[in-house]
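Engineer: Would you mind keeping the following structure in view while I ask a few things?
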Amino acid sequence: MPAVNERSKAIFWTLTRRSAAYATRRHRLLALLTQAITKARGNRSVMREAWHDLSALIRMLRAWAKREYTQVPRKTVTAAIAAILYFVAPLDAVADFIPVAGFLDDFFILSWIFGTIHSDVEEFVRWENAHGQVIDAELERDPV
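In my numbering, the protein residues as written are 1 to 144.
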């Protein structure tokens with residue numbers, strides 16, 4: 001798995017450069033987030049472990065894109081978009097059509113990025129709770 005992790009990270013860093021196009025064209029970001037939701041829901045049994053983290057990440061980016069929540073540092077937005085790009089890409093370090101193994105690299109990247117931006121995502125969740133609403137309630141539903 002270490003070779004996959006290094007390959008995954010290399011692909012991820014390439015995607016960080018592409019993330020700027022999504023950050024500046026918010027309609028593209030919203031479309032990307034819809035793809036991520038669709039992929040996550042279509043793979044619910046595999047997504048179980050990462051569902052809540054991915055849900056919070058998607059909700060934060062969606063709120064940012066809609067300018068409902070703007071207190072997200074630019075580097076967090078860039079990393080989060082790159083992680084979502086990696087997640088939706090069918091051919092990354094391990095192709096998603098390979099059962100189970102195809103999602104391991106996705107989980108690795110999502111976990112790695114979530115670990116680095118966790119405090120910003122938690123701050124968003126606190127903001128969301130303080131406002132008495134979940135931005136996209138359908139994302140909070142348990143995937144099973």
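Here a beta-carbon is modelled for each residue, glycine too, at the ideal position from N, C-alpha and C.
1) So is S119 buried or exposed if we call it buried at 16+ other beta carbons inside 10 Å?
2) What residue range does the alpha helix (DSSP H) around Y86 cover?
3) Determine whether the beta carbon atoms of I81 and L32 lie at a separation below 9 angstroms.
4) With DSSP run on the structure shown, which of helix, strand or coil describes G115?
5) Leaving out five residues before and five after R126 in sequence, what residues of the same chain have Cβ atoms less than 8 angstroms from its Cβ?
6) If you follow the alpha helix (DSSP H) that T38 is part of, which residue opens it and which one closes it?
7) Could you compute how far the alpha carbon of R62 sits from the alpha carbon of V121?
8) The alpha helix (DSSP H) spanning H52 covers which residue range?
9) Using alpha carbons as the reference points, say which of G42, T24, S55, A23 lies closest to F124.
10) So, at 7 angstroms on beta carbons, what are the nonlocal neighbours of T76 in its own chain, with the 5 sequence-adjacent residues on each side left out?
11) Rounded to whole angstroms, what is the Cα-Cα separation between G132 and G42?
12) Where does T66 land, buried or exposed, given buried means 16+ other C-beta within 10 angstroms?
13) Let's test the definition: count the other Cβ atoms within 10 Å of the Cβ of E68 and tell me whether it reaches 16, buried, or not, exposed.
Structural biologist: In terms of the structure at hand:
1) exposed
2) 74–88
3) yes
4) helix
5) Once the five neighbours on either side are set aside, R126 has no close Cβ partner at all.
6) 26–42
7) 12 angstroms
8) 51–65
9) S55
10) I117, D120
11) Taking C-alpha positions only, G132 is separated from G42 by approximately 29 angstroms.
12) Looking at the sequence shown, residue 66 is not Thr but Lys. Under this definition K66 is an exposed residue.
13) exposed
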